[in-house]
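Numbering (my numbering), first residue to last: 89 to 306.
Single-structure report; data block below.
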């Protein structure tokens, strides 16, 4: 049985840094798929492999992240299970049981070599009654992740914002946060905007986040 490795990034920050993962993927003969953001989706990659690979091929999915997040890991199995249920394909798929916690070659290799489990289609569904309606909230924060904002540290700002809101018990209840494409004005990067007030913050540093949360989001 031939094997194809797919390294699956979990977060938007991983996606923005995908160029750091590509050399590792190439050294392993792997391709890269993303759960979030721009890039080749996991469903799209599985469609391509099903069309290209022989019927005895095994696709091994390895979750990788350069962040501290683990929330996306279960979604690798969920999305693969969704693909299995909605495609008439005999392509065999398994998911590594180990999360690669960096893009370092030895860390990724350890997850490639770890025991895995076969994707059967019995995995949890993509939909849930809990996700039918948006949660109650007062503020919606948009964090620009366009190229200039990302280059000037928007990733660190997003991490600081999630951390401060979590520390105060506000994240995903009182405040919803979304990372976006370019919001403008690019010369004032990094930027974020708070709705419904429409308040813009420019040239934001991680050290600014506690003040922003205290002034506008509590």
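Here a beta-carbon is modelled for each residue, glycine too, at the ideal position from N, C-alpha and C.
Small disclaimer: the values here were computed from a predicted structure and weren't measured.
Could you check whether residue j and residue i sit closer than 8 angstroms to each other, using their CB atoms as the reference points?
i           : j           : result
residue 168 : residue 183 : yes
residue 109 : residue 150 : no
residue 260 : residue 223 : yes
residue 180 : residue 145 : yes
residue 306 : residue 255 : no
residue 185 : residue 205 : yes
residue 118 : residue 98  : no
residue 209 : residue 173 : yes
Determine the burial state of residue i: buried for a count of at least 16 other Cβ atoms within 10 Å of its Cβ, exposed for fewer.
i           : result
residue 220 : exposed
residue 214 : exposed
residue 211 : buried
residue 142 : exposed
residue 302 : exposed
residue 218 : exposed
residue 201 : exposed
residue 153 : buried
residue 159 : exposed
residue 156 : exposed
residue 136 : exposed
Helix, strand or coil for residue i per DSSP?
i           : result
residue 221 : coil
residue 132 : helix
residue 100 : helix
residue 184 : strand
residue 106 : helix
residue 146 : strand
Hey, out of the options, whose CA is closest to residue i's CA?
i           : options               : result
residue 226 : 249, 282 and 200      : 282
residue 273 : 186, 191 and 237      : 237
residue 291 : 244, 285 and 251      : 244
residue 266 : 275, 276, 285 and 246 : 246
residue 285 : 251, 262 and 228      : 228
residue 81  : 279, 299, 104 and 89  : With the chain covering 89 to 306 only, the question about residue 81 has no answer from this structure.
residue 239 : 251, 252, 203 and 279 : 279
Between residue i and residue j, how many whole angstroms is the CB-CB distance? I'm expecting something under 8 angstroms.
i           : j           : result
residue 249 : residue 231 : 7 angstroms
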